[in-house]
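To keep things clear, I will list the structure first and then write my remarks on it.
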Amino acid sequence: MKFLVVGDKEEPLLYDYFDKSRFPGIDLILSTGDLRPGYLSFLMTMFNKPLYYVRGNHDIIYKEKPPKGGRNIDGQIVTYKGVRILGLEGSMWYGGRGIEYTDIEMRWKV
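Quick look at the structure:
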């Protein structure tokens, strides 16, 4: 089974120069955050595969405009074809300007 895992940076090979044949056998797209919702929706459409995601510390816009058709797995353990995946959003605390958690808050989430 192959997962396409993306996060933080939009990859031109996946967006500007998309060629599905470069990525054969993708079963699932996983986003670790900090990507535009439109980018993730594009990947899901072009690969025709499900998208599981968590929000990164910069993904405040996801509350109003989440990736269309994707599944937010924050705070969940999901099973995809026998593989368990734990979703935890955000980042360590940097001053509270995004989706950030203190060590204690993250322990409670886990």
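Residue numbers 1 to 110, in full-length UniProt numbering, belong to the letters of the sequence shown in order. Cβ coordinates follow ideal geometry from the N, Cα and C atoms, glycine included.
Length of the line joining the Cα atoms of residue i and residue j
i            : j              : result
glycine 65   : tyrosine 53    : The sequence shown places lysine at residue 65, not glycine. Taking the straight line joining both Cα atoms gives about 13 angstroms.
aspartate 8  : tyrosine 39    : 11 angstroms
tyrosine 94  : methionine 106 : 14 angstroms
histidine 58 : serine 31      : 13 angstroms
glycine 25   : methionine 1   : 8 angstroms
aspartate 74 : valine 83      : 16 angstroms
serine 41    : isoleucine 77  : 22 angstroms
proline 37   : aspartate 16   : 16 angstroms
lysine 68    : tyrosine 62    : 10 angstroms
DSSP state of residue i mapped onto helix, strand, coil
i               : result
phenylalanine 3 : strand
glutamate 105   : helix
tyrosine 62     : helix
residue 112     : Outside the displayed range of the chain (1 to 110) lies residue 112, so it cannot be described from this structure.
Whole-angstrom C-beta distance between residue j and residue i, which should lie under 8 angstroms
i             : j             : result
isoleucine 99 : arginine 55   : 5 angstroms
valine 6      : leucine 35    : 6 angstroms
leucine 13    : isoleucine 29 : Not quite, the Cβ-Cβ distance comes to about 14 angstroms (not below 8 angstroms), so this is no contact.
Residue i - partner residues in DSSP beta bridges
i             : result
asparagine 48 : Paired residues: none, contrary to the question.
valine 54     : In DSSP, valine 54 forms no bridge with anything.
glutamate 100 : Ser91
arginine 71   : Tyr52
leucine 28    : Phe3
residue 111   : Given a span of 1 to 110 for the chain in the structure shown, any question on residue 111 remains unanswerable.
message: Does the contact criterion of 3 or more C-beta pairs under 8 angstroms hold for the region 84-94 versus the region 38-48?
response: no
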